Structure formats: C-alpha cells, structure tokens
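Chains as they are written, first to last, in the working numbering: chain P, 1 to 70; chain Z, 71 to 333.
What follows is one structure encoded as structure tokens, with my remarks underneath.
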Amino acid sequence: MAGQIEIEVNGERREVPEGASVAELLTLIGLAAPKVAVERNLEIVPRSAWSSTRLGAGDRLEIVHFIGGG
Amino acid sequence: MDGIPQADEGWTVAGRRFRSRLIVGTGRYKDLPETKAAIEASGAEMVTVAVRRVNLSDASQPMLQDFVPPDRFTYLPNTAGCFTAQDAVRTLRLAREAGGWNLVKLEVLGPPPFLYPDMAATFEAAAALLADGFEVMVYCADDPVAAKRLEEMGCVAIMPLGAPIGSGLGVANPFMIKAIIAQARVPVLVDAGIGTASDAALAMELGCDAVLLNSAIAHARDPVRMARAMKAAVAAGRDAFLAGRMPRSPAADPSSPVAGLIR
Chain P
1 MAGQIEIEVN GERREVPEGA SVAELLTLIG LAAPKVAVER NLEIVPRSAW SSTRLGAGDR
61 LEIVHFIGGG
Chain Z
71 MDGIPQADEG WTVAGRRFRS RLIVGTGRYK DLPETKAAIE ASGAEMVTVA VRRVNLSDAS
131 QPMLQDFVPP DRFTYLPNTA GCFTAQDAVR TLRLAREAGG WNLVKLEVLG PPPFLYPDMA
191 ATFEAAAALL ADGFEVMVYC ADDPVAAKRL EEMGCVAIMP LGAPIGSGLG VANPFMIKAI
251 IAQARVPVLV DAGIGTASDA ALAMELGCDA VLLNSAIAHA RDPVRMARAM KAAVAAGRDA
311 FLAGRMPRSP AADPSSPVAG LIR
C-alpha cells in the first residue's frame, strides 16, 4: 500500500496516493471526460501529458473549465 | 438586382466569417436553460465564456457546454475578473488548453466602481498574448490613440466600451467610438454598457462591425424577448448605417408637396 501525499487543488488541501498521475487525480475527483484544463505549479499540463505527469508532495494544481460569463 | 438590398454580408474577424453581428455573454442568467433560450433567440454565433475553477465537491453538475455546445457556437474565452496582465495571460493560456482555440477576448480591469479598462496592463497582456500566438480581441478605453496602438500591435478586433461593464448606460461617447471606427482597419465592436435595443442600434449606426453585450439581455425582465429585440436592433442599426441617415436640420422641411393645397 503506497503512502499518501498532500497536494493543493483549486485552493483546497487534498491527499492522493503517492505516485498518482494528473489523469488519476481527475478520475478521483470524478472529472471523467469534460473539457478542463490543468495547471500544475503555474505550468500548463497538456492533455497529452496527463497520464505521464506524476504528482509530487506540495504540488499546487488549478483545474478550470468554461462557465457562463460576459 | 430588383432594387431590394441584399441581406447583410456579415463580418470577418481573424479569418472567421460571421453572419450575426451580435456577440452575447453567457453569464448572469437564472439558469442554464434560460442561457440557452436567450442565446438561441439572439441569433448570436459567437458567445463569451469565463474560465473558472471546477467545483471539486460536485464535479457532475451541469456544464455550459451541455446547453451551449462549442461545436455550434464559437466560444470566446474572456479574462473577466483579471486585474493584472499576468492573471489575464495565465487565464487565457488555460482557456486555450481547455478549448483548443486561439481566439480570445482580453480585458484587464481597473478597480471598482468603474472597472474601467486598465490600458497599461492591457498593452502588457496583449503583447504577451500576441507573442504567444493568440488572436486577441481587446476590450479597451474609448481612446483613439490606444485603439490604434492595439491594432498596430496585431490585435484582431478593437472593442471600446460604450459605458462601464454592466451599467446599462448605453454609448456614453459616440463621437470617440466614431473616431475609433474611422481610423481602424480591423473590426471595431462596442463592448459593455449597452442597456437596451436602441443602444445596440445606435452602436451599429455609428459604423461598428458588431456589438458585444450580456447584462442587457440577462438582466431584462424577459431575457429571451430582449435577446430577440437585440437581434433586430443590431440588424436595423447596420442597415441604417449602410443606408446613410438624412441630414439634421434645425428647421422643418415638410414631406408633402406645398403645391396644390386647397384654398
């Protein structure tokens, strides 16, 4: 059983399994397919790199999407 | 030609052609079904959208895309709520990743209560975005010098405010909007300030290529009906601009012949 690491997602602290990828984080949150964008420590993580990008302790992520706006 | 003018030829921004000269926002509606109904009624083909954090506690809630599908409407991501160039650039980079397109609306705002465009920050953000391959439609002050500079930098559309965002005050300075249009070689849109249909018609009569609005529809008592009114107003204003208004005169000039009056 791998340990847990603490990261910050959209300003909230969150524990994820050590070695989890961005893709696995999205699955944990329940974001299946939708059009979202992910930023990790101020750098965009392209969709093509979601599976290969491993999360590290203390990472700060922003997960955004489009909402109504003027 | 049978003497009846052709239907509006539409307008082009960054190589994309649009028939509708109305761009509408997707914010401030009661709910997503009302958003959808109003946008349908407006006839708009391009809609502005905001970029915000996903709600982590309920990731399954309905999304804008389900009601306003991006394959039918051109999404124009905005930077609403950004008060620095850095935040605006960061937001639009995320938008490009989320949507996969380069055409964006840049707005960098000054402080409340006016949220007037911060032009120094707008220039800074525009330069960074243009260097990064974005096609930038830029919200700006109704300042002909600033507008020309943004065009020369490479912005694809110049969008001066009619009046402060969400104020519904209409086109406060039509002379400066006209001055900006007269010198521009890229599309000019009045963005922000429109309150009702006559404001949108006036903006078009000044010679704007299109009008961008949100609150005027979303905050009307009947948003769907106002959306329909805006569609008609923009079309009427465009036709009136092309037709050319009659000269103003301080004195009466009767339309009926003076000859042949009964005595």
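Note that beta-carbon positions come from the ideal geometry of N, C-alpha and C, so glycine has one too.
As the structure is a computational prediction, the values presented were derived from the model and not from experiment.
Check                                                                                                                 : Outcome
P230 (chain Z) - partner residues in DSSP beta bridges                                                                : Z:C210
Within chain Z, partners of N10 (chain P) - CB distance below 9 Å                                                     : R123, V124, N125, L126
Extent of the continuous beta strand (DSSP E) to which A37 (chain P) belongs                                          : 37 to 40
First and last residue of the uninterrupted alpha helix (DSSP H) at E250 (chain Z)                                    : What sits at residue 250 (chain Z) in the sequence shown is Ile, not Glu. First-last of the alpha helix (DSSP H) with I250 (chain Z): 244 to 253.
The alpha helix (DSSP H) enclosing D157 (chain Z), as first and last residue numbers                                  : 155 to 169
Sequence-distant residues of the same chain with beta carbon closer than 6 Å to G3 (chain P), five excluded per side  : E18
Contact check, L173 (chain Z) vs T149 (chain Z), beta carbons under 9 Å                                               : no
9 Å Cβ cutoff, V22 (chain P) in contact with chain Z                                                                  : no
Alpha helix (DSSP H) segment containing K106 (chain Z), residue limits                                                : 102 to 112
Distance CB(L31 (chain P))-CB(V124 (chain Z)) smaller than 9 Å                                                        : yes
Terminal residues of the alpha helix (DSSP H) in which V294 (chain Z) lies                                            : 293 to 313
V159 (chain Z) burial status per 10 Å Cβ neighbour count (16 or more: buried)                                         : buried
7 Å Cβ cut-off: residues of chain P touching A168 (chain Z)                                                           : K35, V36, A37, V64, H65, F66
Environment of L331 (chain Z) [buried if 16+ CB atoms lie within 10 Å]                                                : exposed
Continuous alpha helix (DSSP H) assignments of at least 4 residues falling wholly in the region 257 to 287 of chain Z : 267 to 275
Extent of the continuous alpha helix (DSSP H) run through I332 (chain Z)                                              : First-last for I332 (chain Z): undefined, no H or E at that position.
Secondary structure of S127 (chain Z), DSSP reduced to three states                                                   : helix
Beta carbon of A107 (chain Z) nearer than 9 Å to that of L92 (chain Z)                                                : no
Sheet register partners of L176 (chain Z) (DSSP bridge)                                                               : Z:V208
Spatial distance of R204 (chain Z) from R291 (chain Z) (CA atoms)                                                     : Looking at the sequence provided, one finds Phe at residue 204 (chain Z) rather than Arg. Those two C-alpha atoms are separated by around 37 Å.
Selection of the region 89 to 120 of chain Z by Cβ proximity to chain P, strictly under 8 Å                           : G95, T96, G97, R98, Y99, L102, T105, T118, V119, A120
Minimum Cβ-Cβ distance from G240 (chain Z) to chain P less than 9 Å                                                   : no
Contact set between A155 (chain Z) and chain P, taken where Cβ atoms lie within less than 9 Å                         : Within chain P, no residue comes near A155 (chain Z); the closest Cβ sits about 15 Å away, beyond 9 Å.
Nearest-angstrom Cα separation, counted from R40 (chain P) out to L61 (chain P)                                       : 5 Å
Three or more C-beta pairs below 8 Å linking the region 238 to 251 of chain Z and the region 259 to 273 of chain Z    : yes
Whether R122 (chain Z) touches I67 (chain P) by CB criterion (9 Å)                                                    : yes
Within-9 Å CB hit, A150 (chain Z) to chain P                                                                          : yes
Of the listed residues Z:G169, Z:F153, Z:V138, Z:I247, nearest to A191 (chain Z) (C-alpha basis)                      : Z:F153
Cβ of Y186 (chain Z) within 9 Å of any chain P Cβ                                                                     : no
Cβ-Cβ distance between A211 (chain Z) and G232 (chain Z) below 9 Å                                                    : no
9 Å Cβ cutoff, G3 (chain P) in contact with chain Z                                                                   : no
Where R86 (chain Z) falls, given that 16 or more other Cβ within 10 Å makes a residue buried                          : exposed
Which listed residue (Z:C225, Z:D157, Z:C278, Z:L220) has its alpha carbon closest to that of P244 (chain Z)          : Z:C278
Neighbour flag for R47 (chain P) against chain Z, beta carbons, 9 Å                                                   : yes
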